[in-house]
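First up is the structure itself, then whatever we jot down about it.
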Amino acid sequence: MYQPEQIIHKALASEIRRQILLCLAKKEKYLSEISAEVNKKPQTIDFHLSLLEDIGFVQSDWREGKKYYSLKDKKILVFLREKKPVPHQFRPRPPHEIMIEAWKDIVKRLDKIDKKIDALDKKIK
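Right, dumping it as structure tokens:
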């Protein structure tokens, strides 16, 4: 099992993820803007943004029909630019906590689907 610092270094070892973080240093952006600036396909950027969000480097917010991404804490830029040791606050949550949160989200979604199916059943009867 990876240690938190190993996860961070592994995440930041990707040049694309480093470019995304530096891209977000200036201001919050949505997927197409990041994709154009980093010069990668939106699908590729979306994959890396999801990982950065799970780790806790990036946060997102839906506005005007677009999902905007921003850095959670700009102090990570010091690490990126100066290759300093990773600050404690950037150490990710343990993987099991991430999985528990993902599982709870899946259960919520399944509950919503179940309620919609029940409502449809009532309309049919």
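To convert, take the position in the sequence shown, counting from 1, and add 4; that gives the working numbering.
All C-beta atoms in this analysis are idealised placements derived from N, C-alpha and C, irrespective of residue type, glycine included.
Out of Y73, I110, K120, the CA that lies nearest to the CA of L56 is found in Y73. By the Cβ neighbour-count rule, I128 is exposed, with fewer than 16 other Cβ atoms within 10 Å of its own. Here V42 is actually not in contact with L53; their C-beta atoms are around 10 Å apart, not less than 8 Å. Look at K45 here: in three-state DSSP terms it is coil, with no helix or strand label. Taking each of L16, L28, D65, R21 in turn and checking the Cα distance to D77, the smallest one comes out for L28.
For D65, the enclosing beta strand (DSSP E) stretches over residues 62-67.
Secondary-structure assignment with DSSP links K33 through a beta bridge to Y73.
Here the alpha carbon of Q23 sits roughly 16 Å from the alpha carbon of K79.
In this structure L25 is buried. Its beta-carbon is surrounded by 16 or more other beta-carbon atoms within 10 angstroms.
Ranked by how close their Cα comes to the Cα of K30, the residues K116, I117, L81 have L81 in first place.
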